[in-house]
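Some notes on the structure that comes next.
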Amino acid sequence: MLGSDYWNDDTMKLTTPTTAQIPELDSIAQELNDQIANDVGERKFTPRPDVKNILVTGGAGFIASFIVRKLVLLYPEYNVVNFDKLDYCASTRNLMTIEHKDNYSFIKGDITIKDMVNFVLQEKQIDTILHFAAQTHVDNSFGNSAEFTLNNVMGTHVLLEAARINNVKRFIHISTDEVYGEVEHGGDELSEDNILAPTNPYSATKAAAEMLVGAYQKSFNLPTIITRSNNVYGPYQYPEKIIPKFVTLLSEGRKVFIHGDGSNTRRFIYGSDVADAVEVILHKGEIGETYNIGTSFEISNLELTKFLIKAMGLSARESELIEFVEDRPFNDMRYAIDSAKLEALGWKPKVQFEEGVKKTIAWYTKYSRKWWSDISGALVAHPYKSGTQQEFVIKSQK
């Protein structure tokens with residue numbers, strides 16, 4: 017793949033591979049160009065003079081790939097370096113439509129390896145970091161919480177320290193609305209000043225990472241910004257999350273599994289709207305601030321399931337396609353955030369839920385089985401990934 021580098025542990029240098037990392041998918045890339053152009057939109061800002069070389073951690077992941085495509089295509093003045101270890105849920109296919117661009121490069125790397133991170137920041141003269149890389153699936157965090165601590169907390173700490181040492185000018189940390197904890201039905205939307213009260217291992221590690229970000233801003237004057245968003249959906253998302261998972265199952269005529277009674281509600285935001293928000297925050301966000309990225313559209317898991325079944329023309333089979341299963345160990349009833357601060361900077365979500373779901377269904381129906389090698393483990397009722405404390409210790413010592 018063009019513009020790709022790999023870390024060599026023996027030489028502590030970046031090397032370019034001699035063979036392509038993924039098979040050629042030119043025909044699919046061509047098919048996706050129109051959708052990509054629509055999602056990317058138009059350039060909104062004059063490039064910042066203090067931004068030249070942007071490191072996007074986790075750039076091959078679902079959400080980050082939206083902003084990588086946007087920045088590469090709309091801001092040729094910026095050099096975008098995608099730094100991703102290519103975990104199970106990431107894919108370089110997410111960026112195959114831009115891999116030939118001169119202002120894009122890919123480095124396969126791990127944010128928990130400090131020598132590697134420092135070398136990349138120096139070698140690429142990074143001045144701006146968009147930190148997306150994280151373990152994010154709540155179900156997995158119940159089975160392997162130590163892995164979440166390693167990646168989300170220790171990885172963020174390594175990155176912050178490297179940013180401090182290398183005088184990074186802007187560090188934008190991507191977090192989640194789950195750090196606020198559960199919001200009761202009828203409760204007010206939460207602003208950025210509300211106390212954090214995470215309830216599951218995933219959200220606890222994201223809250224811990226935020227504490228480190230804030231500490232580096234206060235203690236070392238590292239110029240940081242934090243974002244917290246609703247559940248994000250759209251094409252390119254590994255099918256372990258509810259919308260892509262259910263669409264994939266339904267497209268194959270298989271039943272879907274609802275945790276508990278399905279009364280838990282979530283707010284959903286389309287991937288390109290999050291990319292628009294990060295674009296605004298990169299260019300207009302104030303250092304030291306936190307910005308919620310959310311919508312007011314809220315739907316229960318059961319209502320969402322019925323909506324997807326209807327949208328896919330399967331209403332006649334609704335009763336046989338839904339199976340209620342044991343709930344998570346703890347499942348927040350609701351999240352609700354207020355995005356007024358970000359909207360004051362000129363951002364608003366543009367993609368209506370019905371439109372976003374239509375685009376998502378079309379993408380997964382056509383590409384889901386082509387995009388990842390094996391997704392069978394993600395499609396079960398409780399896809400917990402197990403792990404041990406010993407494994408965590410071994411990995412943290414590498």
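Take any residue in the sequence shown, count from 1 to its spot, add 16: that is its number in the working numbering.
Virtual Cβ for every residue (Gly too), placed ideally from N, Cα, C.
Predicted model only: the values in this text are computed from it and were never measured.
Buried versus exposed, by CB contacts within 10 Å (16 or more), residue i
i, result
"Arg-186", "buried"
"Ile-325", "buried"
"Gly-310", "buried"
"Pro-39", "Model confidence at Pro-39 stands at a pLDDT of 49, short of 50, so the residue's coordinates are unreliable and nothing is read from them."
"Ser-121", "buried"
"Gly-74", "buried"
"Ser-312", "exposed"
"Lys-257", "buried"
"Asp-143", "buried"
"Ser-392", "exposed"
"Met-227", "exposed"
"Gly-197", "buried"
"Phe-369", "buried"
"Arg-283", "buried"
"Asp-348", "buried"
"Ser-389", "exposed"
"Phe-61", "exposed"
"Ser-335", "exposed"
"Glu-371", "exposed"
One or two residues paired with residue i in a DSSP bridge
i, result
"Arg-283", "Glu-314"
"Val-72", "Asn-98 and Leu-146"
"Ile-338", "Val-272"
"Ile-419", "This structure cannot settle anything about residue 419, because the visible part of the chain is limited to 17 through 414."
"Asn-247", "Phe-284"
"Phe-82", "Its beta-bridge partners do not exist; DSSP assigns none."
"Tyr-307", "Thr-243"
Distance, residue j Cα to residue i Cα
i, j, result
"Lys-300", "Asn-183", "20 Å"
"Phe-148", "Ile-79", "8 Å"
"Thr-281", "Phe-236", "39 Å"
"Ile-127", "Leu-238", "18 Å"
"Tyr-254", "Pro-260", "7 Å"
"Thr-172", "Ala-332", "48 Å"
"Gln-37", "Val-133", "Confidence in Gln-37 is poor, its pLDDT being 45 and thus under 50, which makes the residue's placement unreliable; the coordinate value appears in the next sentence. For Gln-37 and Val-133, the distance between alpha carbons rounds to 21 Å."
"Ser-191", "Ala-327", "31 Å"
"Gln-405", "Leu-89", "The predicted model places Gln-405 with a pLDDT of 40, which falls under 50 and marks its position as unreliable, so this point remains unresolved."
"Ile-274", "Leu-395", "12 Å"
"Ser-355", "Leu-298", "16 Å"
"Lys-375", "Phe-323", "14 Å"
"Pro-345", "Asn-160", "13 Å"
"Ile-303", "Leu-361", "14 Å"
"Asn-210", "Ser-81", "29 Å"
"Gly-230", "Arg-59", "30 Å"
"Phe-135", "Met-170", "18 Å"
"Val-367", "Asp-131", "41 Å"
"Asn-216", "His-201", "19 Å"
heavy atom of the ligand ATP below 7 Å from residue i C-beta
i, result
"Ile-79", "Annotation note on the ligand ATP: not contained in the displayed structure, which lists no ligands."
CB contact flag (residue i, residue j, <8 Å)
i, j, result
"Val-272", "Leu-337", "yes"
"Arg-306", "Glu-194", "What sits at residue 306 in the sequence shown is Thr, not Arg. No, the pair does not count as a contact, with Cβ atoms beyond the cut-off."
"Leu-175", "Ile-353", "no"
"Gly-77", "Asp-100", "yes"
"Trp-363", "Ala-293", "yes"
"Pro-214", "Ala-223", "yes"
"Lys-140", "Leu-71", "yes"
"Thr-221", "Phe-164", "yes"
"Arg-85", "Val-56", "yes"
"Ile-188", "Leu-146", "yes"
"Asn-119", "Asn-95", "yes"
"Asn-167", "Ala-150", "yes"
"Ile-285", "Pro-365", "yes"
Supposed contact pair residue j and residue i - C-beta distance, whole angstroms, cut 8 Å
i, j, result
"Thr-108", "Leu-48", "Their Cβ separation, rounded to whole angstroms, is 14 Å, which puts Thr-108 and Leu-48 out of contact at 8 Å."
"Gly-377", "Val-263", "Looking at the sequence itself, residue 377 is Ile, so the reference to Gly does not match. Confirmed, about 5 Å."
"Phe-340", "Gly-278", "7 Å"
"Asp-155", "Pro-399", "6 Å"
"Leu-266", "Leu-330", "6 Å"
"Asn-308", "Leu-358", "6 Å"
"Tyr-252", "Asn-110", "5 Å"
"Ala-291", "Ile-52", "That belief does not hold up - the Cβ atoms of Ala-291 and Ile-52 are roughly 11 Å apart, past 8 Å."
"Val-199", "Arg-350", "5 Å"
"Gly-269", "Asp-343", "Not confirmed; about 26 Å, so no contact."
Within-8 Å CB hit, residue i to chain D
i, result
"Trp-388", "Going by chain labels, chain D is absent from the structure shown, which holds only one protein chain."
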